[in-house]
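According to the working numbering, the stretch in the sequence shown is residues 2 to 305, in order. What follows is a set of notes on a single structure, which appears directly below.
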Amino acid sequence: LHDGFFDAGDGNKIDTSRRPLPFTLGHEIEGTIIAVGSDVKDVKVGERTVVYPWSGCGECRDCQNDREHICLGKGLGTAWAGGFSTHCLVPHERYCLNADGVPVGLAGTYMCSGITAYSALKHLRNVAPDEQVLIIGLGGVGMMALQFALSLFPNPPLVADIDEHKLQAAMGAGAGAAYNSKDEDIVKKILADTNGGVAATADFVGAEATLALANGVVRRGGEMKIVGLFGGRLVMPIPHIPFRALNISGAMVGTLADTKEMLELVKAGKINPIPIETRAMSAASQTLADLREGNIMGRVVLQN
Numbered sequence: 002l003h004d005g006f007f008d009a010g011d012g013n014k015i016d017t018s019r020r021p022l023p024f025t026l027g028h029e030i031e032g033t034i035i036a037v038g039s040d041v042k043d044v045k046v047g048e049r050t051v052v053y054p055w056s057g058c059g060e061c062r063d064c065q066n067d068r069e070h071i072c073l074g075k076g077l078g079t080a081w082a083g084g085f086s087t088h089c090l091v092p093h094e095r096y097c098l099n100a101d102g103v104p105v106g107l108a109g110t111y112m113c114s115g116i117t118a119y120s121a122l123k124h125l126r127n128v129a130p131d132e133q134v135l136i137i138g139l140g141g142v143g144m145m146a147l148q149f150a151l152s153l154f155p156n157p158p159l160v161a162d163i164d165e166h167k168l169q170a171a172m173g174a175g176a177g178a179a180y181n182s183k184d185e186d187i188v189k190k191i192l193a194d195t196n197g198g199v200a201a202t203a204d205f206v207g208a209e210a211t212l213a214l215a216n217g218v219v220r221r222g223g224e225m226k227i228v229g230l231f232g233g234r235l236v237m238p239i240p241h242i243p244f245r246a247l248n249i250s251g252a253m254v255g256t257l258a259d260t261k262e263m264l265e266l267v268k269a270g271k272i273n274p275i276p277i278e279t280r281a282m283s284a285a286s287q288t289l290a291d292l293r294e295g296n297i298m299g300r301v302v303l304q305n
C-alpha cells in the first residue's frame, strides 16, 4: 500500500493507490480504549486492547461466513483509517481483543505478522510426525512463523533466507536447520537432508526465486503455501501439478477465530517473542523504507 502497487510480473503492476486522501495507513494496532459507543457492552474505557483490523463490510458472503479477513471492504489501514495516528476508530467491539498478558508494543504485531504466520501454518495439510516444514524468508513474518511452527509441529522447521545474520538468528531461536538461498546446491542439500523433500513449504517472500525453491524441495503430495507479496509470476508445467499431487495455495492473514486462538497461545507463554525495536511515529516513512530494503530484524513498533 505504501508503494501504491504490487509487482504482477513481466513489468505489470497491481494498482493499490486508489484511495481518497488524506488516508492513514497502519493495521497492526494496539492501545487503550478512551471512549465507547452506546451499544458497546463488553469493552470498557481504560482497557488495554489490540485491534483485529480485518473488519470487513459485514454484509457480503465472506463476512456472513466468518471470512471477513478476505473481504475487500472495510479493513483498518487498508480501506478505513488505520493506526499510524494518535487515535483509531474501531467499527465494532468484537474487533477489540484484550491485550493483558502480552508485552506492550508486541501485541499489535500479532494482528498481521502473527496471524498471517499462524494461520498459514495451522492450515497446512498432511504434515506427518516424522516430516519437516520449510519456512522461506526470515523477515518479521517469517520469524513469527518459526515460533509458531515450534508450537504446531513435532519437528523444528527448516528455514531458508539470503541473509546469514537472519539464518543465525533463526538457529538461535530453535530452527532445525538453516540454508542460504544463494547456495547453488540448496535444493540438493534439502532433498538429501529430508529424505526426498519437505512435507510443506511456507513462502513468506513470494518471489519467483523463492517459489522455484519451494517447488524444488517439496515432496510428492506436499503443499506449497504462498504468503509473501514480493511479486512476479508463477510459471510451471501444468501436468507437473497433478503428476506430483501438489497442493498450491495462498494465505491471506486469518480469521477472527484463529486470531483469538493465537492470542491464547501467546498469553500462555508458548510463543517466544520476536525482536522488537521501538521508534517514534514520525519515523514511519523511514521505517517502511528500511523494511523494503530488508534492514529490519523482527518488527519495528511505532509509538506516539
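C-beta atoms are modelled at their ideal positions from N, C-alpha and C, and glycine is treated no differently. Just so it is clear, the structure is predicted and the values come from calculations on it, not from any experiment.
Cross-strand partners of residue i (DSSP beta bridge)
i, result
"residue 224", "201 and 248"
"residue 279", "302"
"residue 111", "Beta-bridge pairing links residue 111 to no other residue."
"residue 135", "159 and 202"
"residue 81", "77"
"residue 181", "162"
Bounding residues of the beta strand (DSSP E) (the contiguous stretch that carries residue i)
i, result
"residue 97", "97-99"
"residue 87", "From DSSP, residue 87 is part of no beta strand (DSSP E); its letter is neither H nor E."
"residue 62", "Not the beta strand (DSSP E): residue 62 falls in the alpha helix (DSSP H), residues 62-65."
"residue 46", "Element bounds for residue 46: n/a, residue is neither H nor E."
Chain D within 9 Å of residue i, Cβ atoms only
i, result
"residue 139", "In the structure shown, chain D cannot be found, because there is only a single protein chain."
Other residues of its chain near residue i: CB distance less than 7 Å, five sequence neighbours each side excluded
i, result
"residue 222", "127 and 246"
"residue 197", "220"
"residue 300", "110, 114, 141, 275 and 277"
Cβ separation of residue i and residue j, assumed to be a contact under 8 Å, to the nearest whole Å
i, j, result
"residue 159", "residue 140", "The Cβ separation is near 17 Å, so there is no contact."
"residue 112", "residue 52", "6 Å"
"residue 110", "residue 48", "About 19 Å; that fails the 8 Å criterion."
"residue 35", "residue 45", "Wrong, their Cβ atoms sit about 11 Å apart, outside the cutoff."
Endpoints, alpha helix (DSSP H) assigned at residue i
i, result
"residue 126", "Neither: residue 126 is in no alpha helix (DSSP H) and is coded neither H nor E."
"residue 216", "209-218"
"residue 288", "285-293"
"residue 188", "187-194"
"residue 146", "141-153"
Reduced DSSP category for residue i - H, G, I as helix; E, B as strand; rest coil
i, result
"residue 30", "strand"
"residue 41", "coil"
"residue 256", "coil"
"residue 57", "coil"
"residue 52", "strand"
"residue 232", "strand"
Chain-order list of residues whose beta-carbon lies under 8 Å from that of residue i (same chain, five-residue window excluded)
i, result
"residue 61", "72 and 74"
Chain-order list of residues whose beta-carbon lies under 6 Å from that of residue i (same chain, five-residue window excluded)
i, result
"residue 211", "137 and 204"
"residue 87", "305"
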